[in-house]
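A.B. asks: Residue numbers (this note's numbering): 631 to 1014.
For each residue, glycine too, the CB sits at the ideal point set by N, CA and C.
One structure follows; several queries about it will come next.
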């Protein structure tokens, strides 16, 4: 007597791959992706193959998200230490043997040219989440000190390259983990107070300390110029202040409803520098105005809120800390980019998530959102 085994249809074999995915998070990311494609078509349709390449990068990020989402958080925890160790080793190798371009040593030739600092954007929160998971229930002050040292080593190496934008992202990702792990407000408040006093002093004494003959300790001249230009862009309207001034003009000229799709004069007359990358928000705000900007901010807020919900409901300390840090790092990307384009923060090379053009940034975002989706799936699979 023979037994005939019927092969299940394709959709039943594929369905387990998608089981447990967080649909609200996918919806939020899909909305951002759609806005990014519309914006990139307007800002970059006459900019070579930017729109096509942006769509390709987005598909790559989507593939990476789905692939990483299949990896259980337990396996992500196992790669935390090796990934961090390799990342720091590559940063040291970059400092010793790196490729220098435009005065910055950020790249390393290992057969292909790579930028090791990008690896630390994800390796840092993974490492610290692993560290605090191992010490759950027995945290001491010394554990936070060690976590701070683990954070400062790669941040210091990236600052030395110099790459302030990437250093900010690595630092913020690590600080979010340390905060969520239970760092006392008694230690946080004095730092915030000192920062507020420093900013106030900088604003009040800007005219004096921004003179050409004044040297700022531990900062390069171009970093000093960025801060001074932020304080008063009109001091160098055709040089260092040009980016900020044109960005603010574009945002302001959009008005309540914007000039309309593909009708942005600042954008298409090429007054906005880097209109498809760092300053794409200015191009978007000019064409879609205040209402469009509020809609974009609402999409970012929705993803942020959903990510924090996923982190809060995660089953282990590792997944809670990692999910919270990844979500807040996503927020940092958006906040810093919009802040620098609006003239609120200094200009640093940080893209707007899923809106700005950039292959490396899109891959990093795909990996981060894939890890967040993995955390969401792990909880749902445990409940099923």
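Since residue 987 contacts residue 688 with CB under 8 angstroms, what's their CB separation in whole angstroms?
C.D. replies: Rounded, the Cβ-Cβ distance is 10 angstroms, inconsistent with contact.
A.B. asks: Going by CA-CA distance only, name the one from 747, 734 and 729 that's closest to residue 741.
C.D. replies: Nearest option by C-alpha distance: 729.
A.B. asks: How far does the alpha helix (DSSP H) with residue 936 in it extend, from its first residue to its last?
C.D. replies: It spans 910-942 - the alpha helix (DSSP H) in which residue 936 sits, taken as one unbroken run.
A.B. asks: For the beta strand (DSSP E) that residue 844 lies in, which residues bound it at each end?
C.D. replies: That residue, residue 844, is in no beta strand (DSSP E); it is neither H nor E in DSSP.
A.B. asks: Within 10 angstroms of the Cβ of residue 852, are there 16 or more other Cβ atoms? Answer buried if so, exposed if not.
C.D. replies: That one is exposed.
A.B. asks: Exposed or buried, residue 830, counting other C-beta atoms within 10 Å across all chains shown (16 or more means buried)?
C.D. replies: So residue 830 ends up on the exposed side.
A.B. asks: Three-state secondary structure (DSSP) at residue 711?
C.D. replies: Three-state DSSP puts residue 711 in a helix.
A.B. asks: Please give me, in chain order, every unbroken run of the alpha helix (DSSP H) with length at least 4 that falls completely inside the region 799-835.
C.D. replies: Runs of the alpha helix (DSSP H) inside the region 799-835: 815-834.
A.B. asks: I need the DSSP call for residue 735, collapsed to helix, strand or coil.
C.D. replies: Note: residue 735 maps to strand in three-state DSSP.
A.B. asks: Quick check on residue 916: buried or exposed, where buried means 16 or more other Cβ atoms within 10 Å of its Cβ?
C.D. replies: Buried, because 16 or more other Cβ atoms sit within 10 Å of the Cβ of residue 916.
A.B. asks: Apart from the five residues on each side of it in sequence, which residues of its chain come closer than 8 angstroms, Cβ to Cβ, to residue 929?
C.D. replies: Counting only Cβ-Cβ distances below 8 angstroms, and skipping sequence neighbours, we find 658, 661, 662 and 665.
A.B. asks: So, is residue 620 buried or exposed, given that buried needs 16 or more other C-beta atoms within 10 angstroms?
C.D. replies: As shown, the chain starts at 631 and ends at 1014. That puts residue 620 outside it, with no answer to give.
A.B. asks: Measuring alpha carbon to alpha carbon, tell me which of 695, 962, 932 and 796 ends up nearest residue 651.
C.D. replies: Nearest option by C-alpha distance: 695.
A.B. asks: Can you give me the start and stop residues for the alpha helix (DSSP H) that residue 963 sits inside?
C.D. replies: Per DSSP, residue 963 belongs to the alpha helix (DSSP H) from 947-971.
A.B. asks: Measuring CB atoms only, is the region 941-952 touching the region 998-1007, in the sense that at least three cross pairs come out at less than 8 angstroms?
C.D. replies: Judged by Cβ distances under 8 angstroms, the region 941-952 makes contact with the region 998-1007, as three or more pairs qualify.
A.B. asks: Taking C-alpha atoms, which residue in 998, 1001, 990 and 925 lies nearest to residue 684?
C.D. replies: When only C-alpha atoms are compared, the closest one is 990.
A.B. asks: So which of 787, 726 and 875 has the shortest CA-CA distance to residue 801?
C.D. replies: Of the listed residues, the one whose Cα sits closest to residue 801 is 787.
A.B. asks: State the beta-bridge partners of residue 669 as determined by DSSP.
C.D. replies: DSSP, once it has assigned bridges, lists no residue as partnering residue 669.
A.B. asks: Contact between the region 798-813 and the region 965-981: three or more CB pairs below 8 angstroms?
C.D. replies: Segments in contact, yes.
A.B. asks: Starting from residue 789, trace the alpha helix (DSSP H) both ways and give me its first and last residue.
C.D. replies: Per DSSP, residue 789 belongs to the alpha helix (DSSP H) from 771-790.
A.B. asks: Just the Cα atoms here: how many angstroms apart are residue 769 and residue 725?
C.D. replies: Rounded to the nearest angstrom, the two C-alpha atoms are 34 angstroms apart.
A.B. asks: Please go through the same chain and pick out, in chain order, the residues whose beta-carbon is closer than 7 angstroms to the beta-carbon of residue 784, but skip the five residues on each side of it.
C.D. replies: Hits under 7 angstroms: 717, 718, 721, 750, 754 and 800.
A.B. asks: Whole angstroms is fine: what's the gap from residue 1002's alpha carbon to residue 954's?
C.D. replies: When rounded, the distance between both Cα atoms is 9 angstroms.
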